[in-house]
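Chemist: Chains Y and R, in that order, give the protein sequences. According to numbering that gives the first Met the number 0, the first sequence is numbered sequentially starting from 0. According to numbering that gives the first Met the number 0, the second sequence is numbered sequentially starting from 0. Here you go, one structure.
Protein chains: 2
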Amino acid sequence: MVAAATRQQIVEAADRLFYERGFEATSFADIAGTVGLSRGNFYYHFKTKDELLDAVITHRLLETRSMLDGWEAKAEAPDERILSFINLLIVNQTKIMAHGCPVGTLCGELAKLDHIAKSRAAELFDLFRHWLSRQFSAFGREAEADALAMHILMRSQGVATLAAAYRDEIFVRNEVENMRAWLAAQRPGTPVFPETDSRQHS
Amino acid sequence: MVAAATRQQIVEAADRLFYERGFEATSFADIAGTVGLSRGNFYYHFKTKDELLDAVITHRLLETRSMLDGWEAKAEAPDERILSFINLLIVNQTKIMAHGCPVGTLCGELAKLDHIAKSRAAELFDLFRHWLSRQFSAFGREAEADALAMHILMRSQGVATLAAAYRDEIFVRNEVENMRAWLAAQRPGTPVFPETDSRQHS
DNA sequence: GTCTATACGAAGATAGAC
DNA sequence: GTCTATCTTCGTATAGAC
Numbered sequence: 000m001v002a003a004a005t006r007q008q009i010v011e012a013a014d015r016l017f018y019e020r021g022f023e024a025t026s027f028a029d030i031a032g033t034v035g036l037s038r039g040n041f042y043y044h045f046k047t048k049d050e051l052l053d054a055v056i057t058h059r060l061l062e063t064r065s066m067l068d069g070w071e072a073k074a075e076a077p078d079e080r081i082l083s084f085i086n087l088l089i090v091n092q093t094k095i096m097a098h099g100c101p102v103g104t105l106c107g108e109l110a111k112l113d114h115i116a117k118s119r120a121a122e123l124f125d126l127f128r129h130w131l132s133r134q135f136s137a138f139g140r141e142a143e144a145d146a147l148a149m150h151i152l153m154r155s156q157g158v159a160t161l162a163a164a165y166r167d168e169i170f171v172r173n174e175v176e177n178m179r180a181w182l183a184a185q186r187p188g189t190p191v192f193p194e195t196d197s198r199q200h201s
Numbered sequence: 000m001v002a003a004a005t006r007q008q009i010v011e012a013a014d015r016l017f018y019e020r021g022f023e024a025t026s027f028a029d030i031a032g033t034v035g036l037s038r039g040n041f042y043y044h045f046k047t048k049d050e051l052l053d054a055v056i057t058h059r060l061l062e063t064r065s066m067l068d069g070w071e072a073k074a075e076a077p078d079e080r081i082l083s084f085i086n087l088l089i090v091n092q093t094k095i096m097a098h099g100c101p102v103g104t105l106c107g108e109l110a111k112l113d114h115i116a117k118s119r120a121a122e123l124f125d126l127f128r129h130w131l132s133r134q135f136s137a138f139g140r141e142a143e144a145d146a147l148a149m150h151i152l153m154r155s156q157g158v159a160t161l162a163a164a165y166r167d168e169i170f171v172r173n174e175v176e177n178m179r180a181w182l183a184a185q186r187p188g189t190p191v192f193p194e195t196d197s198r199q200h201s
């Protein structure tokens, strides 16, 4: 096996296991076992666990960028693009109910460990934040674009956390519907009454 | 030292360290060092780490119940009581920006570890959920009380996660303000327009 | 590039003296 | 009830053969 290919396999296995079990709880032996490598050979590719974590974060950053590019290519309208973000909670529902949001849980774990890579993991949030912010600007909400981006990011994090705690599909569907309604109400010039009701529905 | 007092000291130290560093990352040596005990003596009080975790969760459940009772005693009006919950994000802002929400992060970690105590930790969420639900019922929103409770719980989790990732006080204040506005809009009979605007403000 | 063998330290847990 | 000493397991990391 070519080194680059093996390395890639390791990164992808680590990516999955870090998400499913957490960074600290995943051992080199777990990853080596998944890939079908010996523990010894592992160190030919990654000298330390932190180096591997860095590669995993880089991998996630690339994948995230590619996903955001895909959403941009798929729709011209900024609100349709933002809907792609909201729909991620549905698309990844099963995984999220089992393991939470990959970004939120990694950042949370690294914060508690006071890990050097904490700020790099937060770049994953930044990717979403700034992409969303650009969409809200294009939506005609330049002045509040960043706050709106943070708001919807906040909601997706809250939904993911409670989805994992309760494994409740109906809750997820409800909140996704609330997010869609909220988004519709953000359109400039939309009459606030009576179509958009800030009152929550069950 | 009386056994019960030492035990209580251990539980409180573990409670703090589990919150600050996480359950797995906290060793018996850390806790013993904090309390000023030898590692050996530790096992006189708790035979396993899981037993200690159980005691910590029990302790948190008691403290949470007592806090909720306090909020009920302090205000008759259900919306004022719910405001106490929202204000928790401000009262505990410093800790939350450093370590996230104690409930959300513990549930998240135990979920990844697939730990037996996961469901017990989720009882902490249940305490808030059902208390909030009762307040929304008293507020005149019986039919949607549980969904409203989940919604505000979701928001507080999302705010806590992003607060820890960005350590941004202004974001927290903004979102707390949004939560208050949302709550005001939940009062039955409140005109939706023009006072309550579902549009987000920066 | 991959393997086996092994060093080293950390952490959970136990035994037995005081 | 608290201590010291010790056992065991596991996980990171290294050395060196193939």
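All residues carry an ideal CB built from backbone N, CA and C; glycine is no exception.
E122(R) and G21(R): beta carbons closer than 8 Å?
Modeler: The answer is no: Cβ separation not under 8 Å.
Chemist: Along the chain, which unbroken stretches of the alpha helix (DSSP H) at least 4 residues long are found entirely within the region 104 to 160 of chain Y?
Modeler: Taking only runs of at least 4 residues, the alpha helix (DSSP H) segments lying wholly in the region 104 to 160 of chain Y are 117 to 137.
Chemist: Near A146(R), what residues of its chain come up, given a Cβ to Cβ distance below 6 Å and the 5 sequence neighbours on each side ignored?
Modeler: Closer than 6 Å at the Cβ level, and outside the excluded window around A146(R), lies no residue.
Chemist: Would you call P187(Y) buried or exposed, if buried means 16 or more other Cβ atoms sit within 10 Å of its Cβ?
Modeler: The residue is exposed, with fewer than 16 neighbouring Cβ atoms inside 10 Å.
Chemist: Between H129(R) and chain Y, is there a C-beta pair that is closer than 8 Å?
Modeler: Taking Cβ atoms only, chain Y never reaches closer than 8 Å to H129(R), which makes this a no.
Chemist: Tell me, please, whether the CB atom of A137(R) is closer than 8 Å to any CB atom in chain Y?
Modeler: No, A137(R) lies away from the interface with chain Y (no Cβ there is under 8 Å from its Cβ).
Chemist: Can you check whether the C-beta of E194(Y) is within less than 8 Å of a C-beta belonging to chain R?
Modeler: Note that E194(Y) has pLDDT 45, beneath the 50 cutoff, so the model's placement of it is unreliable and no number is given.
Chemist: Mapping the DSSP letters down to three states, classify Q199(Y) as helix, strand or coil.
Modeler: Coil at Q199(Y), not helix or strand.
Chemist: Where does N86(R) fall in DSSP's three states?
Modeler: Helix.
Chemist: Given this structure, state the Cα-to-Cα distance separating E194(Y) from I95(R), to the nearest angstrom.
Modeler: At E194(Y), the pLDDT of 45 sits below 50, so the modelled position is not reliable; the number obtained from the coordinates is stated separately. Cα-Cα distance, rounded: 37 Å.
Chemist: Exposed or buried, R38(Y), counting other C-beta atoms within 10 Å across all chains shown (16 or more means buried)?
Modeler: Result: exposed.
Chemist: Who are the neighbours of K94(R) on chain Y, taking C-beta pairs under 9 Å?
Modeler: Under the 9 Å cutoff, chain Y gives no residues; its nearest Cβ is about 12 Å from K94(R).
Chemist: Contact criterion: CB-CB distance below 8 Å. Does G178(R) meet it with respect to chain Y?
Modeler: It should be noted that the sequence gives Met, not Gly, for residue 178(R). Judged by the 8 Å Cβ criterion, M178(R) is not in contact with chain Y.
Chemist: Which of the three DSSP states is assigned to L36(Y) in this structure?
Modeler: It is coil, neither helix nor strand.
Chemist: Using beta-carbon positions only, say whether R64(R) and D14(R) come within less than 8 Å of one another.
Modeler: No, these two residues do not count as a Cβ contact at 8 Å.
Chemist: Note the first and the last residue of the continuous alpha helix (DSSP H) segment covering K94(Y).
Modeler: Its alpha helix (DSSP H) spans residues 92 to 98.
Chemist: What are the boundary residues of the alpha helix (DSSP H) that S65(Y) is part of?
Modeler: Its alpha helix (DSSP H) spans residues 48 to 73.
Chemist: Are the beta-carbon atoms of F17(Y) and F27(Y) separated by less than 8 Å?
Modeler: In this structure, F27(Y) does not lie closer than 8 Å to F17(Y) by Cβ.
Chemist: Since F202(R) is in the alpha helix (DSSP H), which residue starts that stretch and which ends it?
Modeler: In the structure as shown, chain R begins at 0 and stops at 201. Residue 202(R) is therefore absent and cannot be evaluated.
Chemist: E23(Y) by DSSP, collapsed to three states: which one?
Modeler: Here E23(Y) sits in coil by DSSP.
Chemist: Less than 8 Å between the CB atoms is what I'm expecting for V158(Y) and F124(Y), so what's the real figure, rounded?
Modeler: Going by Cβ atoms, the distance from V158(Y) to F124(Y) rounds to 15 Å, so no, they are not a contact pair.
Chemist: For a test of your reading of the model: does the CB of V55(R) fall under 7 Å from any non-hydrogen atom of the ligand MN? Yes or no.
Modeler: Looking for the ligand MN in the displayed structure turns up nothing, as the structure carries no ligands at all.
Chemist: Hey, Q185(R) and R198(Y) are a contact pair by Cβ (cut 8 Å); roughly how many whole angstroms apart?
Modeler: Right, their Cβ atoms sit about 6 Å apart.
Chemist: Could you give the DSSP three-state label for P187(Y): helix, strand or coil?
Modeler: In this structure, P187(Y) counts as coil in the three-state DSSP scheme.
Chemist: Could you confirm whether any beta carbon from chain Y is found closer than 8 Å to the beta carbon of A2(R)?
Modeler: Cβ-Cβ to chain Y under 8 Å: no for A2(R).
Chemist: Shortest alpha-carbon distance to T93(R) belongs to which of A163(R), A54(R), C106(R)?
Modeler: Ranking A163(R), A54(R), C106(R) by Cα distance to T93(R) puts A163(R) first.
Chemist: Note down, in chain order, every chain R residue with its Cβ under 7 Å from the Cβ of N243(Y).
Modeler: In the structure as shown, chain Y starts at 0 and stops at 201, and residue 243(Y) therefore has no counterpart that could be examined.
Chemist: On the premise that L88(Y) lies in contact with S132(Y), defined as a C-beta separation below 8 Å, what is that separation, rounded to the nearest angstrom?
Modeler: With a Cβ gap of about 19 Å, S132(Y) and L88(Y) do not count as contacting.
Chemist: Please classify E23(R): is it buried, with 16 or more other beta-carbons within 10 angstroms of its beta-carbon, or exposed?
Modeler: By the 10 Å Cβ count, E23(R) comes out buried.
Chemist: So what does DSSP say about D167(R), is it helix, strand or coil?
Modeler: DSSP places D167(R) in coil when its eight states are reduced to three.
Chemist: Go ahead and pull the three-state DSSP assignment for A180(R).
Modeler: Reduced to three states, the DSSP call for A180(R) is helix.
Chemist: Return the Cβ separation of L51(R) and F45(R) in integer angstroms, given the expectation that the two are a contact with Cβ distance under 8 Å.
Modeler: That pair is a contact at about 4 Å.
Chemist: Does any residue of chain R have a CB that is nearer than 8 Å to the CB of F41(Y)?
Modeler: No, no contact with chain R.
Chemist: Beta-carbon of A110(R) versus every beta-carbon of chain Y: anything under 8 Å?
Modeler: Closer than 8 Å to some Cβ of chain Y, the Cβ of A110(R) qualifies, so yes.
Chemist: Using a Cβ-Cβ cutoff of less than 6 Å, which residues in the same chain neighbour K117(Y) once the five nearest sequence positions on both sides are dropped?
Modeler: Within the same chain, K117(Y) has close Cβ partners L109, A110.
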